[in-house]
Structures are given as structure tokens and as C-alpha cells.
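A.B. asks: Take a look at the following structure, please.
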Amino acid sequence: MALKQPRGRSSAAAVIAVVVYVVLAVATGGFGGVGALLFSGELDVLGIGAPLGLCAAGVFWGCSNSKPASAGGSSQVRVGAACTSASNSCGMTNLGSVVNNGNGTGSCNATPPPNSACPPPVIGRNFYASPAPVGPGMSTTLTWSAANASACKIDGDNGFSNVGGSSGSVSTGPLASTTTFTLTCQNGGGGPETSASVRVAVDPHYQEI
7 MALKQPRGRS SAAAVIAVVV YVVLAVATGG FGGVGALLFS GELDVLGIGA
57 PLGLCAAGVF WGCSNSKPAS AGGSSQVRVG AACTSASNSC GMTNLGSVVN
107 NGNGTGSCNA TPPPNSACPP PVIGRNFYAS PAPVGPGMST TLTWSAANAS
157 ACKIDGDNGF SNVGGSSGSV STGPLASTTT FTLTCQNGGG GPETSASVRV
207 AVDPHYQEI
């Protein structure tokens with residue numbers, strides 16, 4: 007999150023800022039007290055932002071950071087303000103705070119959670135074949151549904167393979183022998199995986215009713 011320093015502060019505003027700075031120095035017992043106010047982002051009594059365009063020049067330490075270009079108006083993002091990281095592969099974020107990068111720019115110090123922190127998919131009994139068993143050369147339909155899953159894949163020990171979303175159904179095609187199908191679901195790229203299997207028996211004596 008890149009933040010740019012506001013521009014266009016008038017010279018009159020800068021003079022007022024110096025006056026306010028000196029007054030606050032007396033009230034807070036020294037210039038260090040004013041610096042503490044600036045660092046905490048509380049000095050904005052004139053509605054024109056501390057320290058009134060002088061952050062980039064390094065006149066005051068602990069300056070408030072500038073507003074994002076998209077913020078509009080006179081709102082500002084200050085040092086220490088709460089911010090959110092980018093999301094990881096399953097949409098999780100971390101909280102952090104705005105830090106002053108110098109030269110009138112700031113950024114969020116929060117980093118996205120690792121993809122391994124995503125909750126694992128939950129399949130339970132939501133993977134099954136119908137009908138089962140089947141006769142030689144017959145097909146069955148595999149149906150699945152998984153919570154906390156971004157993608158699922160089914161592999162059969164007869165070479166069958168299918169890639170899909172967190173839920174769906176697919177025909178196995180003709181089966182010549184008893185086959186085990188394994189569903190593997192993942193929550194985000196590089197996230198945790200969960201698997202479940204179903205065995206479809208091929209019975210030579212099976213008769214469809």
C-alpha cells in the first residue's frame with residue numbers, strides 16, 4: 007500500500023504551523039513533547055495535517071503519513087493507523103499499522119498469513135458413488151461436496167482423473183473391475199489438503215433393477 011504526501015500547502019499554513027508548534031512546545035514542556043504529539047498523529051488542530059507539508063523536508067520527526075491518492079478530501083492516514091495486509095490464497099489477512107517510510111511515504115507493516123494457515127477442507131461423508139456396486143462395463147456417478155475448499159481432484163486406481171471445484175458430480179465411464187476413487191481437496195494454492203476415498207465394486211452377477 008503506497009501512500010503519497012499531500013501537496014499544495016500554503017505558506018500561510020506553514021507559518022501557522024510554526025506558531026502552533028512553538029505554543030505547544032511551551033504547553034508540553036519542550037519540543038520533545040510536541041514531537042510526541044506528532045508521532046502519535048494527534049497534531050491536526052487546524053485540519054490541515056501535521057506537520058503541514060514539512061514531513062518530506064524532514065523538519066519534524068514522527069510525521070503523520072499522507073493520504074492515499076484515492077482517499078480524496080483532506081483525510082489522512084497517520085503513522086500507527088490500523089491497516090490490513092494483502093490476502094493469502096484463501097482470503098485470510100493480518101492486521102498491522104502504518105509506518106513512515108520517509109520522504110513523505112508510508113506503508114502497512116502487515117504481511118499476509120501463510121497459505122498453510124488456511125483451514126483444511128472438510129469432506130466428511132459428502133463423497134459417494136451411485137449406483138454402487140455396478141455390473142461389468144457399467145458406469146457410476148461420483149458426487150462430492152467439500153467445505154473450505156477451492157479445488158478438488160478425483161483419481162481412480164484404474165487411471166481415471168477429474169479436476170473440479172469444491173462440489174460437483176462426474177461419470178466414471180465404463181468400469182471393467184472394482185475401482186477405488188480418491189477425492190483430494192485443497193484450500194487455496196499451497197494450502198492444506200484433505201482426502202477421502204470410495205470403492206466401487208464391479209459385480210459380474212449385478213443386475214440393475
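In this note's numbering, each residue carries its 1-based index in the sequence shown increased by 6. For every residue, glycine included, the Cβ atom is placed at its ideal position computed from N, Cα and C. Computed from a prediction, not measured in an experiment: that's the story for all the values here.
#1: Using C-beta distances below 6 Å, list every residue in its chain close to residue 153, excluding the 5 sequence neighbours before and after it, in chain order.
#2: Relative to the alpha-carbon of residue 86, which residue among 159, 169 and 101 has its alpha-carbon at the smallest distance?
#3: Can you give me the C-alpha to C-alpha distance between residue 103 and residue 122, rounded to a whole angstrom?
#4: Relative to the alpha-carbon of residue 195, which residue among 89, 156, 177 and 167 has its alpha-carbon at the smallest distance?
#5: Restricting to Cα atoms, I'd like to know which of 202, 162, 203 and 171 is closest to residue 179.
#6: Taking the straight line between their C-alpha atoms, what separation do you get for residue 113 and residue 95?
#7: Tell me residue 161's beta-bridge partners as DSSP assigns them.
#8: Could you give the C-beta distance for residue 207 and residue 139, rounded to a whole number, given that I count them as a contact under 8 Å?
#9: Have a look at residue 188 and residue 145 and give me their C-alpha separation to the nearest angstrom.
#10: State the DSSP-derived secondary structure class of residue 123, mapped to helix, strand or coil.
#11: Check residue 101 in the structure and name its three-state DSSP category.
#12: Just the Cα atoms here: how many angstroms apart are residue 142 and residue 136?
#13: Could you give the residue range of the beta strand (DSSP E) that holds residue 204?
#14: For residue 50, name the three-state secondary structure that DSSP assigns.
#15: Do you know offhand how far residue 202's Cα is from residue 130's?
#16: Looking only at its chain, what residues have a beta carbon closer than 8 Å to the beta carbon of residue 185, apart from the 5 residues adjacent to it on each side?
#17: Relative to the C-alpha of residue 193, which residue among 89, 84, 97 and 169 is closest?
C.D. replies: In short:
#1: Cβ contact annotation for residue 153 (same chain, cutoff 6 Å, sequence separation greater than five): 128, in chain order.
#2: Closest option to residue 86, Cα to Cα, is 101.
#3: C-alpha separation (whole angstroms): 24 Å.
#4: Nearest option by C-alpha distance: 156.
#5: That would be 162, whose Cα lies nearest to the Cα of residue 179.
#6: The C-alpha of residue 95 is placed about 22 Å away from the C-alpha of residue 113.
#7: As a beta-bridge residue in DSSP terms, residue 161 pairs with 167 and 188.
#8: In this structure, residue 207 and residue 139 form a Cβ contact; the two beta carbons are roughly 4 Å apart against a cut-off of 8 Å.
#9: Taking the straight line joining both Cα atoms gives about 16 Å.
#10: Correct three-state label for residue 123: helix.
#11: Looking at residue 101 - three-state DSSP - the assignment turns out to be strand.
#12: For residue 142 and residue 136, the distance between alpha carbons rounds to 15 Å.
#13: Per DSSP, residue 204 belongs to the beta strand (DSSP E) from 199-206.
#14: For residue 50, the predicted structure reports a pLDDT of 39, less than 50, and the residue's modelled location is therefore unreliable. The matter cannot be settled from this model.
#15: So the alpha carbons of these two residues sit roughly 8 Å apart.
#16: Within its own chain, the residues whose Cβ lies closer than 8 Å to the Cβ of residue 185, once the five positions on either side in sequence are excluded, are 162, 163, 164, 166, 178, 205, 206 and 208, listed in chain order.
#17: Taking residue 193 as reference, the option from 89, 84, 97 and 169 with the minimal CA-CA separation is 97.
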